[in-house]
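Just so you know, we're using the working numbering here: the sequence shown kicks off at 1 and counts up by one.
Okay, structure first, notes after.
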Amino acid sequence: MNSGMAASSSRVMLGPLVAAIDQGTSSTRFLVFNAKTAELLSHHQVEINQSFPKEGWVEEDPKEILQSVYECMERTCEKLTQLNVDISNIKAIGVTNQRETTLVWDKETGEPLYNAIVWLDLRTQSTVERLINKTPGRNKNHLKHKTGLPISTYFSAVKLRWLMDNVDEVAEAVLTHRAMFGTVDSWLIWCLTGGKSGGVHCTDVTNASRTMLFNIHTLDWDPELCKYFDIPMEILPKVRSSSEIYGLMKICSSLKSGCLSGIPISGCLGDQSAALVGQMCFQEGQAKNTYGTGCFLLRNTGAKPVMSEHGLLTTVAYKLGRDKPACYALEGSVAIAGAVVRWLKDNLGIIQTSTELEKLAASVGTSYGCYFVPAFSGLYAPYWEPSARGIICGLTQFTNKSHLAFAALEAVCFQTREILDAMNQDSGIPLTQLQVDGGMTSNRLLMQLQADILCIPVVKPSMPETTALGAAMAAGAAEGVSVWSLRPEDLSEVTSEKFEPQINPEESEFRYARWKKAVQRAMNWETTEPISNGNGETSIFSSVPLGFYILGSMLMLIGAKYIAGHK
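The structure is reproduced here in structure tokens:
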């Protein structure tokens, strides 16, 4: 049978399809799934540029993000046509996104008023210190009872506050009632449903729960929190469930992807919540760990929010329908996982591609006592220590780039161990295995190392795109679409691979204790923001004793010259 016949005969059998936009920190993807089998039919991926205008600043261009979505949709539709798949079979589209990343745009022109400030960005450290200092007892958990979150540079409210304080265009648009705030999901849904011509300004409960403006008990924006950050509620998007029809796609009809026009956007989940759904963690106690730019361990805690005593976040896991109850999760967030690979490639140049890292690390099979704490954006869970910075220690003359590569992979595993330990302490029921997903899980050495360092098996699904799958499931299950059943008996069987621990627990504990020692060395590095001389440069006179010393020395030199001249 030739491929054309095979394709046309299988086309009849496909049934309804559901697509997902997966807009991550480092790339955008558009993926199309079979709603009955959860099989991935086709997809396209585009990398996203990150800019670092100043130390600790991380930005992305909102227009580039939107353009990457259009490009991925167009290319995927071309691929589907080549596969002889009827694009009109796509019944719904879900959106999943990097969370916390903050955008403000003008609702009349549709133009962004500044670059998107990425979740990793540290420019708000002084804002955070100021906010914590004004709380009773300087308590970073002052708002946790409502938000489930510590006051940190990580979340959207402080980024939005910075934009309003430091970008004239944003401040002016807020005053003239033209400003719209949103995380990436809101920006994309607004643009894709018409933008300035009737676009829908909304977000879902999972993304809203990462802003610090959202009350996780009432499931709505909280007037007191908005007042605390001095943010007008009118600029906020409407909060909806994770699975309902938000609006219909509007795309130029001359494009191949133009036939997506009129299809409902009916699923929306922050990327980590989407991965929890895609891994089918619907039962209380089920957990997954996603290895992306950062590393995120989420454990389903059911219908009640559980507050952590060990540095984890309480977050909304999903709300799969307008009338369905919200489900909550405990989350351990690690800022730097896959980002360390990008750093080794782009900043140090010791590898050309991500796959090289595995080969380099495998060539030595040990870090030879070298430990790498990649605290580029401070430390997230379980420490929440913004003053920490990256450190490589245990170096000897014998250490080479292969050992450093191995230490980088170990760092990802050790950080996961820290959040898993915290999770086990909070729940009192230790996880017996870890379900994993995300780009880095293709690194088999990393997966084996993870099992060795956790001393429990690591289980990886053979279809790694669980984040996009979760968004597609939410979209397909929405009322008015109903092409994807989420009943336990209807969920498709997932094939997976298991990595068993292969080293003895004593060695694992020794290495972990050393890692903890390295983490302590990384702490309290950047304590306060240095005084700037107005154009962003730090003045030597920002240190008073140093200033006196230099002035004193200059006066002594002038005095000495004066005396010498009068001899």
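Where a beta carbon is used, it is the ideal one built from N, C-alpha and C, also for glycine.
Straight-line Cα distance separating residue j from residue i
i: N443; j: N300; result: 26 Å
i: W162; j: P237; result: 19 Å
i: V118; j: V158; result: 12 Å
i: R417; j: K134; result: 34 Å
i: F541; j: T527; result: Residue placement at F541 is flagged as unreliable, the pLDDT there being 40, under the threshold of 50; a coordinate-derived value is accordingly withheld.
i: V616; j: K107; result: The requested residue 616 is not part of the displayed model; the chain covers only 1 to 567.
i: Y371; j: E465; result: 31 Å
i: A173; j: W190; result: 18 Å
i: V69; j: K140; result: 37 Å
i: T203; j: A361; result: 41 Å
i: K319; j: G302; result: 11 Å
i: E479; j: I503; result: 49 Å
i: S243; j: A317; result: 12 Å
i: S363; j: S152; result: 39 Å
i: M1; j: T290; result: In this prediction, M1 scores a pLDDT of 38, lower than 50, which makes its location untrustworthy; the coordinate-derived value is nonetheless stated afterwards. Between M1 and T290, the C-alpha separation is close to 41 Å.
i: L76; j: V95; result: A small correction: the amino acid at residue 76 is Thr; Leu does not occupy that position in the sequence shown. Cα-Cα distance, rounded: 16 Å.
i: A20; j: V46; result: 14 Å
i: G481; j: H201; result: The identity of residue 481 in the sequence shown is Val, whereas the question assumes Gly. C-alpha separation (whole angstroms): 21 Å.
i: F229; j: L313; result: 20 Å
i: S508; j: V205; result: 39 Å
i: E356; j: T366; result: 16 Å
i: F406; j: K54; result: 29 Å
Proximity below 8 Å, CB of residue i to CB of residue j
i: G278; j: G439; result: no
i: I132; j: C259; result: no
i: G390; j: P374; result: yes
i: V412; j: L434; result: no
i: G267; j: S209; result: no
i: L103; j: P136; result: no
i: S156; j: E224; result: no
i: G56; j: L122; result: yes
i: G470; j: A274; result: yes
i: P501; j: D421; result: no
i: Q23; j: L188; result: yes
Proximal residues to residue i (C-beta, below 8 Å), its chain only, five neighbours per side dropped
i: L248; result: T193, S261, G262, I263, P264, I265
i: L17; result: V32, F33, N34, A35, L41, V85, N89, I90, K91
i: E234; result: H177
Buried or exposed (CB count within 10 angstroms, at least 16 for buried), residue i
i: Q98; result: buried
i: H44; result: buried
i: I429; result: exposed
i: L175; result: exposed
i: G285; result: exposed
i: Q415; result: buried
i: R130; result: exposed
i: D271; result: buried
i: N524; result: exposed
i: D426; result: buried
i: D168; result: exposed
i: G15; result: exposed
Own chain residues within Cβ distance below 6 Å of residue i, not counting five before or after
i: G294; result: V334, A335, A337
i: E358; result: N443, L445
i: R138; result: I132
i: I419; result: L297, G332, A381
i: M280; result: L491
i: V340; result: P374, A408
i: S377; result: L120, L122, A335
i: A38; result: S492
i: T477; result: At residue 477 the sequence reads Ala, which differs from the Thr that was named. The residues are S243, W484, L486.
Those residues which DSSP pairs with residue i across a bridge
i: H44; result: F30
i: A179; result: D106
i: Y371; result: C393
i: W221; result: F214
i: D204; result: R240
i: S333; result: F296
i: K288; result: L298, Q435
i: E568; result: Nothing can be reported for residue 568: it is not among the residues displayed for the chain, which extend from 1 to 567.
i: Y318; result: C327
i: S496; result: P461
i: H112; result: With the sequence shown as reference, residue 112 is identified as Pro, and His is not the correct amino acid for it. W105, per the DSSP bridge assignment.
i: Q502; result: None, per the DSSP bridge assignment.
i: A570; result: Since the first residue shown for the chain is 1 and the last is 567, residue 570 is missing from the structure and cannot be characterised.
i: P264; result: L248
i: L379; result: E385
i: L269; result: T96
i: L313; result: E331
The ligand FMN heavy atom lying under 7 Å from the CB of residue i
i: G56; result: This structure lacks the ligand FMN, and indeed carries no ligand of any kind.
Own chain, CB closer than 7 Å to residue i, minus 5 neighbours either side, in chain order
i: I48; result: S26, S27, T28, E60, E64, I65, S68
i: F52; result: V58
i: H310; result: P382, A422, Q425, D426
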